[in-house]
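Data first, discussion second: the structure below is written as structure tokens.
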Amino acid sequence: QLDAGGTSKGCYGASDCPPGYYCNEFYTCVPMLPPDGGVPLGDAAPVNNPDMALPPELENPNEAPPAVGKNYMYVAVAKQNMVVKIDSVTLQVQAIKVGQDPGALRTITGQDVAVVLNRKSSTATVIRGRADGKDDLTTLKTAPDLNNMAISLDGTYAIAYFDLALSQGAISAKQNLQDVTLIKLDKGKEQAVTLTVGFKPTGVQFTKDSKTAFVVAEKVISIIDPVKATKSAIMPTVPLYKDPLKEPKPA
14 QLDAGGTSKG CYGASDCPPG YYCNEFYTCV PMLPPDGGVP LGDAAPVNNP DMALPPELEN
74 PNEAPPAVGK NYMYVAVAKQ NMVVKIDSVT LQVQAIKVGQ DPGALRTITG QDVAVVLNRK
134 SSTATVIRGR ADGKDDLTTL KTAPDLNNMA ISLDGTYAIA YFDLALSQGA ISAKQNLQDV
194 TLIKLDKGKE QAVTLTVGFK PTGVQFTKDS KTAFVVAEKV ISIIDPVKAT KSAIMPTVPL
254 YKDPLKEPKP A
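The numbering used here applies: residue 14 is where the sequence shown begins, and numbers increase by one.
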């Protein structure tokens, strides 16, 4: 710790020292040095030197969180156009090449199957683990620039859509804010079907039996029957307003 005059005092760990100091082997708070060995950080650093200021911590909402399968964890690495597969027992790491700018990634509960959206190539890659540790890959065409995805509880279907909030307002010229892609995940029968739903989808919910999917949009809920949806079509909708001109937005 430091006394009022800035003199080093005893400490037992980093939490006993102020920002810019650490507890050394003599149990004393001492200033941290930058990597180049220049002026110490902490109270000894010039407060008006922007080069010495610590950068703020930022969270990137476009970075997809990891997803866990039966034996592996999967992580999308957008800049490298790959999905990293980590063995939960041995911690062995494998790099799986997928499409451009992989983002939203989902797994099927109890299986080593992952689905990842490749945003810049407008595709989805199904990664299906084999008993020998290798993977079978299936790439399917999706609607342009989709960035979010929901998967049914039984892993039979997934629906990819464009989430405007997740994009932080960035919209490409190809994005019409109404197209979603239904991805059928039966092994060996994988299929992608692009469907038209309500304007500005914000979320997707499947029923427990996966027989129906509901796409929540700005003013309507679109209803999808995954079995009957075999080709591009406009999905039936239920309005969220009796009078869309006078009613406030639903909570």
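Cβ atoms here follow ideal geometry from the backbone N, Cα and C, with glycine treated the same way. Being a predicted model, the structure only gives us computed values, none of them experimental.
What whole-angstrom Cβ distance do Leu153 and Thr169 have, given they're in contact under 8 Å? To locate residue 153, count along the sequence shown from 1; it is residue 140. To locate residue 169, count along the sequence shown from 1; it is residue 156. Taking the Cβ atoms as the reference, Leu153 lies roughly 15 Å from Thr169, outside the contact range of under 8 Å.
With DSSP run on the structure shown, which of helix, strand or coil describes Ala173? For the purposes of this step, residue 173 is taken as residue 160 along the sequence shown, with counting starting at 1. The three-state secondary structure of Ala173, taken from DSSP, is strand.
Could you tell me whether the stretch 212-226 touches the stretch 169-188, where touching means 3 or more Cβ pairs closer than 8 Å? In short, these stretches touch, since the Cβ pair count reaches three.
Let's test the definition: count the other Cβ atoms within 10 Å of the Cβ of Pro79 and tell me whether it reaches 16, buried, or not, exposed. By one-based count along the sequence shown, residue 79 stands at place 66. Around the CB of Pro79, fewer than 16 other CB atoms lie within 10 Å, so the residue is classed as exposed.
Could you spell out where the beta strand (DSSP E) holding Ala137 opens and where it closes? Position 124 of the sequence shown holds residue 137. Residues Thr136 to Gly142.
Under 8 Å between C-beta atoms of Asn332 and Gly112: Given a span of 14 to 264 for the chain in the structure shown, any question on residue 332 remains unanswerable.
Bounding residues of the beta strand (DSSP E) (the contiguous stretch that carries Thr209): On the sequence shown, position 196 is the one that residue 209 refers to. Per DSSP, Thr209 is one residue of the beta strand (DSSP E) stretching across Gln204 to Thr209.
Nearest-angstrom Cβ-Cβ length linking Tyr174 and Pro115, presumed shorter than 8 Å: Indexing the sequence shown from 1 puts residue 174 at position 161. Indexing the sequence shown from 1 puts residue 115 at position 102. The Cβ separation is near 16 Å, so there is no contact.
At the level of alpha carbons, what is the spacing between Phe267 and Leu190? The structure shown has nothing for residue 267, since the chain only spans 14 to 264.
Ala117 in three-state terms, based on DSSP: The count along the sequence shown starts at 1 and reaches residue 117 at position 104. Reduced to three states, the DSSP call for Ala117 is strand.
Those residues which DSSP pairs with Thr250 across a bridge: Counting from 1 along the sequence shown, the entry for residue 250 is found at position 237. Thr250 is bridged to Ser235.
Among Pro31, Cys42, Met162 and Val43, which residue has its Cα nearest to the Cα of Val139? The count along the sequence shown starts at 1 and reaches residue 139 at position 126. Nearest of Pro31, Cys42, Met162 and Val43 to Val139, Cα basis: Met162.
Taking the straight line between their C-alpha atoms, what separation do you get for Val52 and Leu104? Stepping through the sequence shown from its first residue, residue 52 is reached at position 39. Stepping through the sequence shown from its first residue, residue 104 is reached at position 91. Note that Val52 scores 48 on pLDDT, short of 50, meaning its location in the model is unreliable and no value can be drawn from it.
Are there 16 or more other CB atoms within 10 angstroms of the CB of Leu198, so buried, or fewer, so exposed? As a working mapping, residue 198 is identified with position 185 in the sequence shown. With 16 or more other Cβ atoms within 10 Å, it is buried.
Could you give the uninterrupted runs of the beta strand (DSSP E) lying entirely in the stretch 86-115, keeping only those of 3 residues or more? If you keep only unbroken beta strand (DSSP E) runs of at least 3 residues inside the stretch 86-115, you get 95-100 and 106-110.
Output the distance between the C-alpha atoms of Gly55 and Ile99, rounded to the nearest integer angstrom. The residue given as residue 55 occupies position 42 in the sequence shown. The residue given as residue 99 occupies position 86 in the sequence shown. With a pLDDT of only 47 at Gly55, under the threshold of 50, the placement of this residue in the model should not be trusted; the figure read from the coordinates follows. Their backbone Cα atoms lie some 38 Å apart in a straight line.
Pick helix, strand or coil for Asp222, following the three-state DSSP scheme. Residue 222 sits at position 209 when you count from the first residue of the sequence shown. In the structure shown, Asp222 sits in coil (DSSP, three-state: anything other than H, G, I, E or B).
Does DSSP put Glu72 in a helix, a strand or coil? Within the sequence shown, the letter at position 59 stands for residue 72. A caution first: Glu72 carries a pLDDT of 49, below 50, which makes its placement in the model unreliable, though a value can still be read off. DSSP, read as helix, strand or coil, puts Glu72 in coil.
Span of the beta strand (DSSP E) around Cys42: The residue labelled residue 42 in the question sits at position 29 within the sequence shown. Here the beta strand (DSSP E) through Cys42 covers Cys42 to Pro44.
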